[in-house]
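A.B. asks: To start, I am sharing the structure in question, which I have written as structure tokens.
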Amino acid sequence: MRTIIALIAFFTTSTCLGQTVTSSQPIAATEKNTLTPGAIFFDDFNNNNNKWTVGDHKYINARIDSGFYYLTAVGRACGDAQEVKIDTHKDFEIETRIKIVSGKSDHKNYYSMLFWGREAKIGYCFTFAKDGFAFVEFCDGINQSDCTIQNGSLQKAILNPEDFNVYLIRKTGNTYSFFINGTQFYKMPFAPFYGNLIGIGAGRKVSLAIDYLKVSYL
1298 MRTIIALIAF FTTSTCLGQT VTSSQPIAAT EKNTLTPGAI FFDDFNNNNN KWTVGDHKYI
1358 NARIDSGFYY LTAVGRACGD AQEVKIDTHK DFEIETRIKI VSGKSDHKNY YSMLFWGREA
1418 KIGYCFTFAK DGFAFVEFCD GINQSDCTIQ NGSLQKAILN PEDFNVYLIR KTGNTYSFFI
1478 NGTQFYKMPF APFYGNLIGI GAGRKVSLAI DYLKVSYL
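Each residue of the sequence shown is one higher than the one before, starting from 1298 at the first, in the numbering used here.
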């Protein structure tokens, strides 16, 4: 798998707290099944064999610690990704479990995302924020104005802003279904990938703890 830094500057403000991600208390990991039938990619961050970005960098501070990938966006929204080649003729799922450790709660300016089907600046995002809002969008540039929220997807979701939440994208036939903590959140027609990048993005000044990332065929 090829790892890249995926800079996703969807926000215009460039001020930065300049802090690394820290956790005030230990976070309990859930049991994760690496042997799920059909799994083609799985990382529970018990090591860095997939070579995620770690250390302090211009736009991202990150570390892997005790089975979690801690990610802070410094100055502007940014993230990291893996290249996972999915046969989109098949049905598949992309799943992750994430906690927003710190950051402002306004979803208009401080949302984070699970992105997929991405190449360079073009791709899809399943976005969420600490104020409990979530939505799905298509982005074809580096600015917020280059992103289009999918019709009807912006809504208050069943997510815990102070704890971990499971975000899942399921493709069956010609339909995408989006789930938060096992509850269907939104549906839309399947759209072809622009690239093979799948990853996590943090909103500006937002810190995330990622428990796992899994891709599997159904």
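Glycine included, every Cβ here is placed at the ideal spot set by N, Cα and C.
For ALA1326 and TYR1509, I'd like the C-alpha separation in whole angstroms.
C.D. replies: Residue confidence for ALA1326 is low, a pLDDT of 40 falling below 50, so the modelled location carries little weight; the figure read from the coordinates is stated next. Cα to Cα, the separation comes out at about 9 Å.
A.B. asks: For THR1472, which residues of its own chain have a beta-carbon under 7 Å away from its beta-carbon, when the five flanking residues on both sides are left out?
C.D. replies: Only LYS1484, PRO1486, PHE1487 meet the Cβ criterion.
A.B. asks: Whole angstroms is fine: what's the gap from ILE1357's alpha carbon to ALA1370's?
C.D. replies: Distance between the alpha carbons of ILE1357 and ALA1370 is about 5 Å.
A.B. asks: Could you give the DSSP three-state label for THR1327: helix, strand or coil?
C.D. replies: In this predicted model, THR1327 has a pLDDT of only 42, less than 50, meaning its place in the structure is not dependable enough to derive any value.
A.B. asks: If we count the other Cβ atoms within 10 Å of its Cβ and call it buried at 16 or more, is ILE1537 buried or exposed?
C.D. replies: With the chain covering only 1298 through 1515, there is no way to say anything about residue 1537.
A.B. asks: Excluding sequence positions up to five away, which residues of its chain have a Cβ less than 6 Å from the Cβ of GLN1322?
C.D. replies: In this predicted model, GLN1322 has a pLDDT of only 37, less than 50, meaning its place in the structure is not dependable; the value taken from the coordinates is given anyway. Contacts found: none.
A.B. asks: Checking 8 Å against the spacing of the C-beta atoms, do ALA1417 and ALA1454 come in under that value?
C.D. replies: No, Cβ-Cβ distance for ALA1417 and ALA1454 is not below 8 Å.
A.B. asks: Looking at C-alpha atoms only, which residue of PHE1342, VAL1463, CYS1422, LYS1468 is the closest neighbour of GLY1479?
C.D. replies: Out of PHE1342, VAL1463, CYS1422, LYS1468, VAL1463 has the C-alpha closest to the C-alpha of GLY1479.
A.B. asks: I'd like the list of long-range same chain contacts for VAL1351, defined as Cβ closer than 7 Å, with 5 residues on each side in sequence excluded.
C.D. replies: Here the set comprises ASN1345, ALA1359, ARG1360, ILE1361.
A.B. asks: Could you check which residue in LYS1468, GLY1492, CYS1422, ILE1395 has the C-alpha nearest to that of GLU1459?
C.D. replies: Taking only the C-alpha atoms, the option nearest GLU1459 is ILE1395.
A.B. asks: If we ignore side chains and look at the alpha-carbon of each, how far apart do LYS1355 and TYR1366 end up?
C.D. replies: Answer to the nearest angstrom: the Cα atoms are 18 Å apart.
A.B. asks: Among residues of its own chain, excluding the 5 on either side of GLN1400, which ones have a beta-carbon nearer than 7 Å to its beta-carbon?
C.D. replies: In the sequence as displayed, the identity of residue 1400 is Gly instead of Gln. So the list reads TYR1407, LYS1427, GLY1500, LYS1502, VAL1503, SER1504, once near-sequence residues are dropped.
A.B. asks: Considering only the beta carbon of each residue, do GLY1376 and PHE1342 sit closer than 8 Å?
C.D. replies: For GLY1376 and PHE1342, no; Cβs fall outside 8 Å.
A.B. asks: Thinking C-alpha only, which one of LYS1468, ILE1446, TYR1514, PHE1338 is nearest GLU1380?
C.D. replies: Selected option, being the one with the closest Cα: PHE1338.
A.B. asks: Given that a residue counts as buried once 16 or more other Cβ atoms are within 10 Å of its Cβ, and exposed if not, what is LYS1387?
C.D. replies: By the neighbour-count rule (16 or more Cβ atoms within 10 Å), LYS1387 is not buried but exposed.
A.B. asks: Please report the Cβ distance between LEU1411 and THR1393, rounded to the nearest whole angstrom; I am assuming they are in contact, meaning their Cβ atoms lie under 8 Å.
C.D. replies: Right, their Cβ atoms sit about 5 Å apart.
A.B. asks: If you run the structure through DSSP and keep just helix, strand and coil, what is ASP1443?
C.D. replies: Note: ASP1443 maps to helix in three-state DSSP.
A.B. asks: Reducing DSSP to helix, strand and coil, say where ASN1462 ends up.
C.D. replies: Note: ASN1462 maps to strand in three-state DSSP.
A.B. asks: Take PHE1461 as the anchor and find which of SER1474, PHE1435, GLY1429 has the nearest alpha-carbon.
C.D. replies: Of SER1474, PHE1435, GLY1429, the residue nearest in Cα terms is GLY1429.
A.B. asks: Taking Cβ to Cβ, would you say SER1409 is nearer than 8 Å to ILE1397?
C.D. replies: Taking 8 Å as the Cβ cut-off, SER1409 and ILE1397 qualify as a contacting pair.
A.B. asks: In chain order, what residues of the same chain have a beta carbon less than 8 Å from the beta carbon of GLU1469, not counting five sequence neighbours either side?
C.D. replies: In the sequence as presented, Glu is not what sits at residue 1469; that position holds Thr. Contacts found: ASP1388, LEU1515.
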